[in-house]
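Residue numbers (the numbering used here): 46 to 274.
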């Protein structure tokens, strides 16, 4: 089977009702990004950070995978599919996809704030005083701005192996994730689905579809299946 690697961003989850923070005002749900998504913010106000992610976690229990998530899962019948997502929700998993790298962490997991290798399933709120087995406060298993992206090496290897590299719903403004496009093979087919200009320099290489994730995947699905044959 041909190797299809798919990089997804906030645009695919937005169609399920999950708000994005890159809407031009520099805020995420009325909070400054550094206040809720950085080690400095965590040191400054743990209670604020925990409640912010508690709200995000409650929200994903209320939304469902959309048709784009489901069509991506269906592609596993035809390709060796690897998803690399910048999203912290579990919508790809719930749609049925099997191989998923969460570059920026997972909202439904927590870890020790002193040892990120101590990881726990986290479907409910995290509160001040909730401890890991090492006695440290639990925090969301999220890669905050300024932190190392631990799965980047694995994602890079998957990008290098791809016969087809599909980008859906990401502005390609966040690094190192956007840099994955520089790692694909010269003969790899690059397809981008995004309704907005990304500002990323594909040159003439990419097939660009200026569509939402759901509409773009609906238009692309049969064409991709034909490429698998």
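For glycine and all other residues, C-beta sits at the position ideal for the given N, C-alpha and C.
Note that the structure is predicted; figures quoted are calculated from it, not measured.
- Closest in alpha carbon position to residue 149, among 186, 258, 113, is 186.
- By the CB criterion at 8 angstroms, residue 273 and residue 47 fall inside the cutoff.
- Here the C-alpha atom of residue 164 lies approximately 13 angstroms from the C-alpha atom of residue 188.
- The Cβ neighbour count for residue 221, taken over all protein chains shown within 10 Å, is under 16; the residue is labelled exposed.
- Sorting 135, 131, 129, 93 by C-alpha distance to the C-alpha of residue 104 places 135 at the top.
- Taken through DSSP and simplified to helix, strand or coil, residue 98 comes out as helix.
- Here residue 60 is buried: its Cβ has 16 or more other Cβ atoms, across all protein chains shown, within 10 Å.
- Cα atoms of residue 257 and residue 240: separation of roughly 5 angstroms, rounded to the nearest angstrom.
- If you look at residue 235, you'll find it in the beta strand (DSSP E) that goes 234-238.
- DSSP, read as helix, strand or coil, puts residue 106 in coil.
- In the structure shown, residue 147 falls within a strand segment according to DSSP collapsed to helix, strand and coil.
- Judged by DSSP secondary structure, residue 211 falls within the beta strand (DSSP E) whose first and last residues are 209-213.
- For residue 78 and residue 271, the gap between their C-alpha atoms comes out near 42 angstroms.
- In this structure, residue 126 keeps its C-beta atom at 8 angstroms or more from the C-beta atom of residue 62.
- Taking all protein chains in view, the Cβ of residue 106 is surrounded by fewer than 16 other Cβ atoms within 10 Å, so the residue is classified as exposed.
- In the structure shown, residue 257 adopts coil according to DSSP, grouped into three states.
- Between the region 200-212 and the region 224-234, the count of Cβ pairs shorter than 8 angstroms is three or higher; the stretches touch.
- CA-CA distance, residue 171 to residue 268, rounds to 44 angstroms.
- For residue 119, the enclosing alpha helix (DSSP H) stretches over residues 112-119.
- In its chain, beyond the 5 residues on either side, 214, 258 have a beta carbon closer than 6 angstroms to the beta carbon of residue 56.
- Per the Cβ contact rule, the region 138-152 is in contact with the region 110-127 (3 or more Cβ pairs under 8 angstroms).
- If you draw a straight line from the Cα of residue 251 to the Cα of residue 209, it is about 11 angstroms long.
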